[in-house]
Amino acid sequence: MTKEQPDYLSYLLRLWRVNGQSSDEPGPAKVMWRASVESPLTRERWNFATLDDLVDFLWTQTNQSALSSHQESKLYPRSGKFDGIRAPP
């Protein structure tokens, strides 16, 4: 059974910067972006370690019929790929 694709999606998007892991290489720490989206209807929340992961999620949500199992495995509900890193309030 396939789910019908919705005509409208709404998310609260949060973006924040974090400094990357320090390395032996000289120079400034790498700045990385984290993201989370929350459904205002269900309060379900997804966290993403990279902006690419966020884009994959949004693509998946808007292209359900083209979803492959590989793309499904890239979704990380709740804790995301960055366990231990909390979204800002």
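Residue 0 is where the sequence shown starts when you use numbering that gives the first Met the number 0, and the numbers rise one by one after that.
All C-beta atoms, glycine included, are put in the ideal place defined by N, C-alpha and C.
Give the secondary structure of LEU8 by DSSP, where H, G and I count as helix, E and B as strand, and everything else as coil. What you label residue 8 is simply residue 9 of the sequence shown in a count that begins at 1. Reduced to three states, the DSSP call for LEU8 is coil.
Shortest alpha-carbon distance to LEU50 belongs to which of THR41, PRO5, GLU3 and TRP15? Translated into positions along the sequence shown, residue 50 becomes position 51. When each option's Cα is compared against that of LEU50, the closest is TRP15.
Can the beta-carbon of VAL30 be found less than 7 Å from the beta-carbon of LEU12? Sequence index remark: in the sequence shown, residue 30 carries index 31 (1-based). Sequence index remark: in the sequence shown, residue 12 carries index 13 (1-based). Going by C-beta atoms, VAL30 is not nearer than 7 Å to LEU12.
Complete beta strand (DSSP E) runs within the segment 20-56 (minimum length 3 residues, chain order): 30-37 and 44-47
Using the C-alpha atoms, what's the distance from GLN4 back to PRO39? For the purposes of this step, residue 39 is taken as residue 40 along the sequence shown, with counting starting at 1. For the purposes of this step, residue 4 is taken as residue 5 along the sequence shown, with counting starting at 1. Distance between the alpha carbons of PRO39 and GLN4: 18 Å.
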